[in-house]
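In the numbering used here, the protein residues as written are 1 to 249. Report on the structure given below.
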């Protein structure tokens with residue numbers, strides 16, 4: 001593990017208000033969570049920000065001391081992250097940060113793009129006016145985080161916008177499937193805006209989502225959300241995967 005320390009620290013006797021996952025932040029939606037969920041959030045953020053790098057072993061004893069928590073909530077938190085496929089729990093090796101191959105990342109983004117396109121199409125039809133207003137408010141919060149160059153808060157609000165659109169689809173199977181695939185791409189999506197020009201481009205794309213949603217133009221929203229995920233692959237492949245994998249036939 002690198003020398004960089006995570007900002008939030010927790011103790012067994014004090015459960016502070018930390019988000020359970022990137023899509024649990026926004027518009028005052030921060031609640032007091034169980035200790036295990038707090039620890040999972042901290043480790044997830046460390047993975048997203050490359051404090052723990054792909055393929056790196058997470059040393060339980062050292063991390064439990066740094067976070068001032070016992071091994072029990074730490075291990076339960078690691079099980080949560082294993083379920084999200086952000087880490088692997090291997091016999092005799094412990095927790096290893098997942099290191100997906102380029103082809104796997106591309107395929108996940110293709111699936112997520114299709115899911116978000118469907119979600120956008122349905123949300124344009126089924127979202128309430130209040131939900132659309134809430135999504136617009138999240139966008140304003142995200143712009144403020146961008147202005148502060150607060151990339152982690154920006155990312156979490158960004159994710160909240162995406163998941164709020166999916167939630168407005170009213171399709172439980174879609175919501176559940178999207179959550180499963182999206183969790184596996186947290187780090188990739190965070191890194192896609194590392195370059196400032198790309199970050200600004202993402203802001204413009206989100207404005208496009210919301211204007212299409214406000215107009216209840218489902219086909220336009222579906223197309224813009226799918227294109228956004230395709231663009232994510234272009235962004236991350238420049239840095240993380242310079243040799244692009246063969247696209248699935």
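For every residue, glycine included, the Cβ atom is placed at its ideal position computed from N, Cα and C.
Check	Outcome
Residues near residue 233 in its chain [Cβ-Cβ closer than 7 Å; skip 5 each side]	106 and 109
Spatial neighbours of residue 292 in its chain, beta-carbon cut-off 8 Å, leaving aside the 5 residues before and after	Residue 292 lies beyond the residue range present for the chain, which begins at 1 and ends at 249; the question has no answer from this structure.
8 Å Cβ cutoff met for residue 218 and residue 125	yes
Three-state class that DSSP yields for residue 165 in the structure shown	helix
C-alpha gap between residue 144 and residue 68, whole angstroms	32 Å
Pair within 8 Å by beta-carbon distance, residue 127 and residue 168	yes
Between the CA atoms of residue 222 and residue 120 - distance to the nearest angstrom	5 Å
Validate contact between the region 33-50 and the region 62-80 using beta carbons, cut 8 Å, 3 pairs	yes
Nonlocal neighbours in the same chain, by C-beta distance under 8 Å from residue 85, ignoring five residues either side	98, 183 and 184
Short Cβ contact (8 Å threshold) for residue 152 with residue 49	yes
Three-state secondary structure (DSSP) of residue 94	strand
Identity of the residue in 65, 172 and 47 nearest residue 123 by Cα	172
Beta-ladder partner(s) of residue 88, from DSSP	96
Residues of its chain near residue 83, where Cβ-Cβ distance is below 6 Å and the 5 sequence neighbours each way are ignored	none
Alpha helix (DSSP H) segments (min. 4 residues) lying fully within the region 36-120	60-67 and 71-83
DSSP three-state assignment for residue 184, whether helix, strand or coil	coil
Extent of the continuous alpha helix (DSSP H) run through residue 148	129-148
Buried versus exposed, by CB contacts within 10 Å (16 or more), residue 160	buried
Length of the line joining the Cα atoms of residue 27 and residue 94	Summary for residue 27: the model assigns pLDDT 34, below 50, so the residue's position carries little reliability; its value from the coordinates is reported in the next sentence. Cα to Cα, residue 27 sits roughly 37 Å from residue 94.
Exposure label - residue 59; buried when at least 16 CB within 10 Å	exposed
Alpha carbon of residue 208 to alpha carbon of residue 224, nearest angstrom	7 Å
Simplified DSSP state of residue 217, which is helix, strand or coil	coil
8 Å Cβ cutoff met for residue 132 and residue 214	yes
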